[in-house]
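>
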Amino acid sequence: MKAGLEDVIAGESGICYIDGEKGILAYRGYDIHELAPNSTFEETSHLLWFGRLPNVAELKDTSDKMAASRALPPEVIALMKALPKDAAPMDVLRTAISACSMYDSEAKDMSPEANLRKAIRLNARCATIVTAFHSIRNGNEPLAPRSDLTHAGNFYYMLTGNEPNSTIVKALDVALILHADHELNASTFAARVTAATLSDIYSAVTSATGALKGPLHGGANEEVMRMLLKIGEPSNVDAFVHDLFAQKKKIAGFGHRVYHTEDPRATHLRRMSKEACERAGQGKWFEMSERIEEIVKKEKKINPNVDFYSASTYYVIGMPIDLFTPFFAVSRMSGWTAHILEQYANNRLIRPRAEYIGPAPDLKWTPVAQR
Ligand code: COA
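Per numbering that gives the first Met the number 0, the sequence shown starts with residue 0, numbered consecutively.
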């Protein structure tokens, strides 16, 4: 028995390749280092769903369908308005994604064509849910999504109300590409387990959203930024990190179940963090992050993961900290839905066994008064 199913092969998939020793991550055969500088989130989503890069007409079709699907059912906006303003955005996202199924006329249609259409809708709407709730909690009416902007550009526009500039859009787009899929990570596995019961795609992504929220998974990026804010200044880094070591606490944004070398996504995010922090005149967050990395690598031999440098990148772009993990979901929705479609296409119920460690099964029941 492997605790936490470490290194256990739990299924076949043609979507994502990871070599944890060499630090390789590829979607459908394309190395992340090829995709990050060259692709877009729309193109990467198409690649994940269809298994190959789109031609011009196919890319336009997928992009148009995503842009046309951004608006939320008014009932879902009304539901979000009824939720507590201080609700955690990941809880709101989980609830709103689930609620969307009730206003989708195709919700019960399990044909591959309908499931693909729902995948595209979910991928488009996840961004709208996150940004709409941010407006609602600030007492504002959510902005209508714009179909003339890319997915990344529209996310920024709906979040801030500002016209997106190309530098910020590129940074968000690269972050979306880097987070889009990661094989059988905890949330994708949760999605596949739910899909394998032949439950619907909305139920499967709702399971995934719940799994992503945890601080050992997607929630780590928020923890990283809270840690940086607590440290405050570069001169405090050494003492802070050594104090965490002394308390045997984990450092958020470090370590990975699969990578035993640098997480290839962190390579891009480190550069993005440096550029974004310097551009924003807030270089200290990068400086502190770099120093933390230096200490943790030297003293614990542990590398930063995808969540470490994304935190400071998002922060200086102006993203509220509690939207970091929801933004991860905005991206991972593409991978979740690709895995769900793959699961449906060749399904068998996922039902492992447990190694039983309880009492021998020969106990006799006694009346409650005699216990
Ligand atoms: N800081 C300090 N030590 C860490 C660490 C971290 N972030 N991550 C792992 N370690 C240490 C553990 O203490 C353990 O040491 P030990 O063997 O001396 O007890 C060893 O490395 C193995 O850690 P473990 O928690 O068993 O690894 P895992 O494969 O179960 O967990 C993570 C992987 C990602 C959950 C884990 O590294 C972690 O909790 N990281 C912080 C949260 C995070 O960034 N999550 C996002 C992942 S993308």
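Beta carbons are placed, not taken as given, at the ideal position from N, Cα and C, and that holds for glycine.
If you count every other CB in all the chains shown that lies within 10 Å of the CB of T166, and 16 or more means buried, which is it?
Exposed, since its Cβ has fewer than 16 Cβ neighbours within 10 Å.
> Taking the alpha carbon of V236 as the reference point, which residue from K212, F285, T205 and S198 has its own alpha carbon closest?
V236 has its Cα closest to that of F285, out of K212, F285, T205 and S198.
> Compare the C-alpha of L340 against each of A194, K296, H150 and A238 and name the closest.
Taking only the C-alpha atoms, the option nearest L340 is A194.
> According to DSSP, simplified to helix, strand and coil, what is P73?
Helix, per DSSP.
> Would you check whether the ligand COA has a heavy atom nearer than 8 Å to the C-beta of V173?
False, no ligand heavy atom lies under 8 Å from that Cβ.
> Determine the direct distance from the alpha carbon of Y16 to that of H259, and round the result to whole angstroms.
So the alpha carbons of these two residues sit roughly 15 Å apart.
> In the DSSP output, what is Y16 paired with across the bridge?
The partner list for Y16 (beta bridge, DSSP) reads A25.
> So, helix, strand or coil for D237, using DSSP?
Helix, per DSSP.
> So M271 is in the alpha helix (DSSP H); what residue range does that whole segment cover?
From DSSP, the alpha helix (DSSP H) with M271 extends over P263 to R278.
> Taking 8 Å as the cut-off, does the CB of N304 come closer than this to any heavy atom belonging to the ligand COA?
Yes, the Cβ of N304 comes within 8 Å of a heavy atom of the ligand COA.
> Kindly indicate which three-state DSSP category P303 falls into: helix, strand or coil?
Residue state, collapsed to three classes: strand.
> What do you get for L197, buried or exposed, if any count of 16 or more other CB atoms within 10 angstroms of its CB means buried?
So L197 counts as exposed.
> Helix, strand or coil, according to DSSP, for D90 in the structure here?
Residue state, collapsed to three classes: helix.
> Check whether the stretch 306–313 and the stretch 258–272 are in contact - that is, three or more C-beta pairs closer than 8 Å.
Contact holds: three or more Cβ-Cβ distances are below 8 Å.
> Are the stretch 20–29 and the stretch 43–60 touching, with three or more C-beta to C-beta distances below 8 Å?
Yes: the two stretches touch, three or more of their Cβ pairs being nearer than 8 Å.
> Could you give the residue range of the alpha helix (DSSP H) that holds P366?
Per DSSP, P366 belongs to no alpha helix (DSSP H) and is neither H nor E.
> For I250, which option in P263, I230 and K64 has the closest C-alpha, if you only look at C-alpha atoms?
Per the Cα distances, I230.
> Quick check: does the Cβ of R278 come within less than 8 Å of any heavy atom belonging to the ligand COA?
No; taking the cut-off as 8 Å, the Cβ of R278 has no heavy atom of the ligand COA nearer than that.
> Drop a sphere of 10 angstroms on the beta-carbon of T336, count the other beta-carbons inside from all chains shown, and report buried for 16 or more, exposed for fewer.
Result: buried.
> Which same chain residues end up closer than 8 Å to V75 when comparing Cβ atoms and leaving out the 5 residues on each side of it in sequence?
Within the same chain, V75 has close Cβ partners A95, A98, C99, Y102 and I128.
> Comparing C-alpha positions only, which one of I200, M65, A9 and D6 sits nearest to A126?
Comparing Cα-Cα distances from A126 to each of I200, M65, A9 and D6, the minimum goes to M65.
> Please confirm whether E274 and A170 have their CB atoms less than 9 Å apart.
Cβ atoms of E274 and A170: closer than 9 Å.
> Does the beta carbon of E352 fall short of 8 Å from some heavy atom of the ligand COA?
The sequence shown places Arg at residue 352, not Glu. Checking every heavy atom of the ligand COA against the Cβ of R352, none is found closer than 8 Å.
> Taking three-plus beta-carbon pairs below 8 Å as touching, is the stretch 34–41 in contact with the stretch 168–184?
The stretch 34–41 is in contact with the stretch 168–184.
> Quick test of your reading: S186 and A210, contact by CB under 8 Å. State the CB separation rounded to the nearest angstrom.
With 8 Å as the limit, S186 and A210 qualify as a contact, their Cβ atoms being about 4 Å apart.
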